[in-house]
Amino acid sequence: MDRNKQHRQVALMRQSLFDQGLLDEQFVQLEELQDEANPNFVEEVVTLFYRDSARLILNIDQALDKSPLDFAKLDSYMHQFKGSASSIGAKKVKSECTLFREYCKAGNGEGCKRTFQQLKKEYALLRKKVETYFQLARQVGPVETACRSK
Amino acid sequence: MEKMGFGNVTSTSKTIKTIDIEKKISVLIVEDDLLIQKIHKVIMTKFGTEVQLAANGKEVVDLFLSGASFDLILTDLEMPIMDGIEATKQLRSMGVTSMIVGVTSRNQDSEMQAFMKSGPNACYVKPLNAEKVTAVLNELKNN
Numbered sequence: 576m577d578r579n580k581q582h583r584q585v586a587l588m589r590q591s592l593f594d595q596g597l598l599d600e601q602f603v604q605l606e607e608l609q610d611e612a613n614p615n616f617v618e619e620v621v622t623l624f625y626r627d628s629a630r631l632i633l634n635i636d637q638a639l640d641k642s643p644l645d646f647a648k649l650d651s652y653m654h655q656f657k658g659s660a661s662s663i664g665a666k667k668v669k670s671e672c673t674l675f676r677e678y679c680k681a682g683n684g685e686g687c688k689r690t691f692q693q694l695k696k697e698y699a700l701l702r703k704k705v706e707t708y709f710q711l712a713r714q715v716g717p718v719e720t721a722c723r724s725k
Numbered sequence: 005m006e007k008m009g010f011g012n013v014t015s016t017s018k019t020i021k022t023i024d025i026e027k028k029i030s031v032l033i034v035e036d037d038l039l040i041q042k043i044h045k046v047i048m049t050k051f052g053t054e055v056q057l058a059a060n061g062k063e064v065v066d067l068f069l070s071g072a073s074f075d076l077i078l079t080d081l082e083m084p085i086m087d088g089i090e091a092t093k094q095l096r097s098m099g100v101t102s103m104i105v106g107v108t109s110r111n112q113d114s115e116m117q118a119f120m121k122s123g124p125n126a127c128y129v130k131p132l133n134a135e136k137v138t139a140v141l142n143e144l145k146n147n
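Chains as they are written, first to last, in my numbering: chain A, 576 to 725; chain B, 5 to 147.
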């Protein structure tokens, strides 16, 4: 596949992440911060998000197994999760975090558990798609800018 | 509430505007979350400021007690050991006049009000973006 076609494929894949509501404007803000001084900034930040998420998912899973549920603790974990998700523009994940916190405030344990399952699905989907995108972008390399001949 | 800050901040900004400043502004980023720390460090560096990091309010207070000074302190509100509200109270009672701007995930009026009572200059909802940083640096430059 020629380079132009490959770049178009990367661009389309990137756009689909926004069109499917997986990412929002915050992701674009991160991309704008990436430059020669920080060439892998976006991937590094997203990797930190995965690390934060893994820890928080484990904590929340354990907390949801307890009885009675500690809604204050659950809300605190989800507050952290929402903060991380917001920071990388993970739009659907962030929405599920907000819904979960509403169930915490209402003391609705079943709502929390149901929402958390959905959140994990959204997180897994986001992770899979973003990793595929980064992989393809790495393979294809950066877009070459045109240079005026001297 | 999105912010208690400077001027009107619209929802998005497509470009980073360079601020023409006479000297490098020194910024202390106070944040326990490594992800947010990284983002805020890069954004502030891109705006030409000199950045140092602290992981909680106690580190900030200790820095000032040891004689350090900063033009701007960007502080998270919720942190272990000492939070942003307590750190701001202590800094102001020590006579620290640096600009202090809170950056929080919590956008409840009551929480922001509580923070504003401790004596900062402004408070924004995370994450920082180019537009918010521009507003803060412009305010700092004007003062």
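For each residue, glycine too, the CB sits at the ideal point set by N, CA and C.
Residue i versus residue j - alpha carbon distance
i: K18 (chain B); j: A139 (chain B); result: Low local confidence applies: a pLDDT of 47 at K18 (chain B) is under 50, so the model's placement there is unreliable, with the coordinate-based value given in what follows. If you take the alpha carbons of K18 (chain B) and A139 (chain B), they lie about 15 Å apart.
i: Y678 (chain A); j: A58 (chain B); result: 34 Å
i: V34 (chain B); j: L76 (chain B); result: 11 Å
i: S122 (chain B); j: E90 (chain B); result: 7 Å
i: A699 (chain A); j: Q692 (chain A); result: 11 Å
i: V64 (chain B); j: Q112 (chain B); result: 25 Å
i: A72 (chain B); j: T673 (chain A); result: 39 Å
i: S114 (chain B); j: V718 (chain A); result: 47 Å
i: G52 (chain B); j: K641 (chain A); result: 49 Å
i: E611 (chain A); j: R110 (chain B); result: 33 Å
i: S651 (chain A); j: L639 (chain A); result: 13 Å
i: K92 (chain B); j: F10 (chain B); result: Before going further, note that residue 92 (chain B) is Thr rather than Lys in the sequence given. Rounded to the nearest angstrom, the two C-alpha atoms are 19 Å apart.
i: F593 (chain A); j: T690 (chain A); result: 22 Å
i: V137 (chain B); j: H582 (chain A); result: 32 Å
i: N142 (chain B); j: V55 (chain B); result: 17 Å
i: A660 (chain A); j: N579 (chain A); result: 32 Å
i: T49 (chain B); j: T79 (chain B); result: 16 Å
i: K704 (chain A); j: E697 (chain A); result: 11 Å
i: K145 (chain B); j: K27 (chain B); result: 10 Å
i: M5 (chain B); j: P643 (chain A); result: Summary for M5 (chain B): the model assigns pLDDT 46, below 50, so the residue's position carries little reliability, and this model does not support an answer.
i: K725 (chain A); j: M116 (chain B); result: The pLDDT assigned to K725 (chain A) is 48, lower than 50, so where the model puts this residue is not dependable, and the model offers no usable value.
i: R96 (chain B); j: V31 (chain B); result: 17 Å
i: V668 (chain A); j: K62 (chain B); result: 32 Å
i: Y625 (chain A); j: F656 (chain A); result: 10 Å
i: Q609 (chain A); j: Q637 (chain A); result: 36 Å
i: A647 (chain A); j: D577 (chain A); result: 55 Å
Whole-Å CB distance - residue i paired with residue j, under 8 Å assumed
i: N60 (chain B); j: M98 (chain B); result: Not a contact, Cβ separation roughly 17 Å.
i: S670 (chain A); j: I40 (chain B); result: Actually they are not in contact, since the Cβ atoms of S670 (chain A) and I40 (chain B) sit about 20 Å apart, beyond 8 Å.
i: L623 (chain A); j: L67 (chain B); result: No, L623 (chain A) and L67 (chain B) are not in contact; Cβ-Cβ is about 24 Å, not under 8 Å.
i: L81 (chain B); j: F119 (chain B); result: 6 Å
i: A126 (chain B); j: V105 (chain B); result: 5 Å
i: L701 (chain A); j: L597 (chain A); result: 5 Å
i: G664 (chain A); j: D599 (chain A); result: 5 Å
i: V100 (chain B); j: N613 (chain A); result: The Cβ separation is near 31 Å, so there is no contact.
Option in the options with minimal Cα separation from residue i
i: F602 (chain A); options: A:Q692, A:F691, A:F616; result: A:F616
i: V620 (chain A); options: B:K136, B:N142, B:P131; result: B:P131
i: A681 (chain A); options: A:K704, A:E697, A:L649; result: A:L649
i: M653 (chain A); options: A:R578, A:L633, A:G664, A:K641; result: A:L633
i: E607 (chain A); options: B:E115, B:I43, B:S30, B:D37; result: B:I43
i: R676 (chain A); options: A:R702, A:D645, A:E600; result: A:D645
i: M8 (chain B); options: B:M103, B:V129, B:I47; result: B:V129
i: M83 (chain B); options: B:T101, B:M103, B:V107, B:V100; result: B:V107
i: F74 (chain B); options: B:N146, B:E143, B:I29; result: B:I29
i: P124 (chain B); options: B:K145, B:V137, B:K136, B:Q94; result: B:Q94
i: S102 (chain B); options: B:K136, B:T49, B:V137, B:N147; result: B:N147
i: E706 (chain A); options: A:I635, A:D594, A:V585, A:Q581; result: A:V585
i: F709 (chain A); options: A:Q581, A:K696, A:F656, A:E618; result: A:E618
i: T666 (chain A); options: A:R578, A:Y625, A:Q595; result: Just to set this straight, residue 666 (chain A) is Lys in the shown sequence, not Thr. The residue with the shortest Cα to Cα distance from K666 (chain A) is A:Q595.
i: I635 (chain A); options: A:Y625, A:A660, A:K695; result: A:K695
i: G88 (chain B); options: B:V46, B:I47, B:K45, B:D36; result: B:D36
Proximity test, residue i beta-carbon vs the ligand FMN heavy atom, cut-off 8 Å
i: L700 (chain A); result: Ligands are entirely absent from the displayed structure, and the ligand FMN is therefore not among its contents.
The region 587-597 of chain A contacting the region 621-635 of chain A, beta-carbon criterion three pairs below 8 Å: no
Cβ contact (3+ pairs, closer than 8 Å) linking the region 706-719 of chain A and the region 683-698 of chain A: no
Near-chain A residues of the region 30-42 of chain B - C-beta to any C-beta below 8 Å: D37, L38, L39, I40, K42
The region 597-614 of chain A: positions lying closer than 9 Å to chain B by Cβ: E600, Q601, V603, Q604, L605, E607, L608, Q609, D610, A612, N613
Under 7 Å (Cβ pairs) to chain B, residues found in the region 637-668 of chain A: H654, K657, G658, S659, S661, S662
Residues within the region 114-131 of chain B neighbouring chain A, beta-carbon criterion of under 8 Å: K130, P131
Residues of the region 67-90 of chain B with Cβ closer than 9 Å to any Cβ of chain A, in chain order: E82
Proximal residues, the region 689-707 of chain A versus chain B, C-beta separation under 9 Å: none
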